[in-house]
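Sequential numbering from 63 applies to the sequence shown in our numbering.
Data first, discussion second: the structure below is written as structure tokens.
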Amino acid sequence: MKFGTKAIHAGVEPDPTTGAIMTPIYQTSTYVQESPGKHKGYEYSRTHNPTRTALQKALAALENGKHGICYASGLAATDAVLKLFRPGDEIIATNDLYGGTYRIMKKIFEPFGLVFHFVDMSDLANVKASLTDKTRMIWVETPTNPLLKIIDIEAITALSREKGIMSVVDNTFASPYLQNPLDLGADIVMHSVTKYLGGHSDTVMGALVLNDDDWAAQLAFIQNASGAVPGPQDCFLVLRGLKTLHIRMQRHCENASKVATWLSEHPKVGKVYYPGLATHPGHKLAARQMRGFGGMVSFELKGDVYEEAVKVMESLHVFSLGESLGGVESLCTHPASMTHASIPKEERAKAGLKDTLIRLSVGIEDLEDLIDDLKQAIG
Ligand code: P1T
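Written out as structure tokens, the structure is:
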């Protein structure tokens, strides 16, 4: 089945009781049993819920994986993966990554004894240099947040397979419409479902998709035992959002590509970060491992004056200033004070993230209105 057909149909069966074509919101915490232990496969909604089951099947299908497991947020999904490891285990992670991912690694799991190495993975030599006999997992985010670097998933997964190390790819920025890490050799794909998968800025959720039965059983165990599950109404909203994922992504890519080109030709704009630009260092790799270049664009103004960047962000109207991304509406974010504030300034600087960087989540509005908005804000 092709992607658009899967986005609309995967995981969704007519409801067995009424034939309802849309999976109902099973707003229930428990299920009546005929006799102790004799039930219809559902006992308690932390463990299983039919609306969540439909969504998990749909997400697994979109990532070409066997198992889909949903969590209460993207970070709860990351938390579940990190709980697979034990004190002394080492993890190599992308150095340009979502601030909350850095924070959960450094502030929650490092005190429990996990050891993290954050490296620039656009050069595989940096990953190799951090490998030790205790390395257990490589955490890749690509395209990276917020500098939109492209990491070679096949090169990393080949290395991890050779060394017997798990590889996990945070596929939030690409969405399964543009990139399928499992097909490129990754063991687990992680999503902040909050973003493109939900697509309408109305839900917070995370998901993991994988093929391995043993790891899936452990991650489902953590889902139930730690209890960070999404509610049925949120699962319904994401099931609804998924049905237009392919159409939305096409428009996100089209608009973002034109916004990036417009910005790169503007005399007041300095560096523009967008993998679709031929000048982007990861352009060729992105063209190979992705089916489009995505809806995220970051840029700096010439001269790098902080107050000027702030003025642009305050002046935008169609682009709303706020955290998050991937919704139908355009957003503008200041990573240094918002999404990446939990990464110490020195670490941000090492990764190349300046305080003057502006990040755009280009929505699916009419392009002319987006360009007009940028025009009046930048001047
Ligand atoms: O917000 P949550 O659903 O918990 O997902 C965390 C997360 C994980 N991975 C990536 C690549 C992300 O971008 C995020 C969340 N990011 C934002 C809120 C943001 O504005 O960048």
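Every residue gets a Cβ at the ideal spot worked out from N, C-alpha and C, and that includes glycine.
So, for residue i: in the same chain, excluding its five sequence neighbours on each side, which residues have a beta-carbon less than 8 Å away from its beta-carbon?
i    : result
Y104 : Y93, H110, N111 and P112
Q280 : L146
L299 : G260, H262, D264 and T265
G365 : G332
A278 : K128, H129, I131 and L272
Y133 : A139, D141, A142, M267, G268, A269, L270, Q285, A290, V291 and P292
D275 : K128 and H129
L383 : M375, E376, L393, C394, T395 and H396
Y106 : S91, T92 and Y93
Leaving out five residues before and five after residue i in sequence, what residues of the same chain have Cβ atoms less than 7 Å from its Cβ?
i    : result
G175 : P149 and G150
A82  : P76
E370 : L363
L240 : M311, M352, R353, G354 and G356
R165 : S404
D435 : L378, H379, V380 and F381
K416 : E362 and D366
L246 : I215, E216, T219 and Q351
M172 : Correcting the residue identity first, residue 172 is Glu in this sequence and not Met. These residues qualify, in order along the chain: F178.
A72  : K119, A120, A123 and L124
D296 : T265 and M267
T234 : G136, H253, S254 and K257
I87  : T113, P294, Q295 and F298
With DSSP as the reference, please indicate the residues paired to residue i in a beta bridge.
i    : result
M252 : D232 and L270
A72  : Answer by DSSP bridge pairing: none, since A72 is not bridged.
F178 : I153
S423 : M358 and L393
Going by C-alpha distance, which of the options is nearest residue i?
i    : options                   : result
I420 : T90, V390, G441 and Y368  : Y368
I170 : T85, I87 and A142         : A142
A322 : R302, L210 and P238       : L210
A69  : T90, N126 and R165        : N126
K196 : R302, V177, S184 and K320 : V177
R302 : R114, E172 and A411       : R114
S222 : P238, D249, N242 and N233 : D249
V74  : H342, A123 and S360       : A123
T163 : S360, D276 and G136       : G136
T401 : D276, S386, V390 and E408 : S386
V359 : V372, E316, K330 and K346 : E316
T194 : K102, H179 and S184       : H179
V390 : P343, I309 and H345       : I309
K330 : K407, K119, A398 and K437 : K437
G66  : L307, K373, C394 and E152 : L307
E304 : K373, N188 and M84        : The residue you asked about is not Glu; residue 304 is Leu in the sequence shown. For the residues K373, N188 and M84, the minimum Cα distance to L304 belongs to M84.
N242 : K225, P98, P205 and G226  : P205
S288 : E96, P98 and R108         : R108
K346 : K373, S399, G226 and S184 : S184
V372 : T418, E409, P406 and K225 : T418
Only counting the same chain, and skipping five residues up and downstream in sequence, which positions put a Cβ closer than 6 Å to that of residue i?
i    : result
G324 : Here residue 324 turns out to be Trp, not Gly, going by the sequence shown. Excluding sequence neighbours, W324 sits near I433.
E14  : Residue 14 lies beyond the residue range present for the chain, which begins at 63 and ends at 441; the question has no answer from this structure.
V334 : A322, L325, S326 and F361
Y258 : S237 and G388
D232 : E203 and M252
A282 : I131
L144 : F171
Are the CB atoms of residue j and residue i within a distance shorter than 8 Å?
i    : j    : result
N273 : L244 : yes
G161 : A348 : no
A138 : A290 : yes
A318 : V424 : yes
V202 : V230 : yes
I426 : H253 : no
A236 : L186 : no
A411 : D158 : no
M199 : M228 : yes
P292 : Q89  : no
L429 : K320 : yes
I440 : G344 : no
V189 : I153 : no
Y336 : H342 : yes
Hey, is residue i's beta-carbon within less than 8 Å of any beta-carbon in chain C?
i    : result
M267 : Protein chain content of the structure displayed is limited to a single chain, and chain C is not contained in it.
Segments assigned alpha helix (DSSP H), at least 4 residues, entirely inside the segment 339 to 415: Runs found: 345 to 351, 368 to 377 and 407 to 413.
- request: Would you list, in sequence order, the uninterrupted beta strand (DSSP E) runs of no fewer than 3 residues that lie entirely inside the segment 291 to 341?
  value: Entirely contained in the segment 291 to 341, the beta strand (DSSP E) runs reaching 3 residues are, in chain order, 331 to 335.
task: Run through the segment 76 to 137 for me and flag every whole alpha helix (DSSP H) of 4 or more residues, listed as ranges in chain order.
output: 112 to 124, all fully within the segment 76 to 137.
- prompt: What runs of the alpha helix (DSSP H), each 4 residues or longer, lie entirely inside the segment 186 to 237?
  reply: DSSP assignment within the segment 186 to 237 yields the following whole alpha helix (DSSP H) runs of 4 residues or more, N-terminal first: 186 to 192 and 215 to 225.
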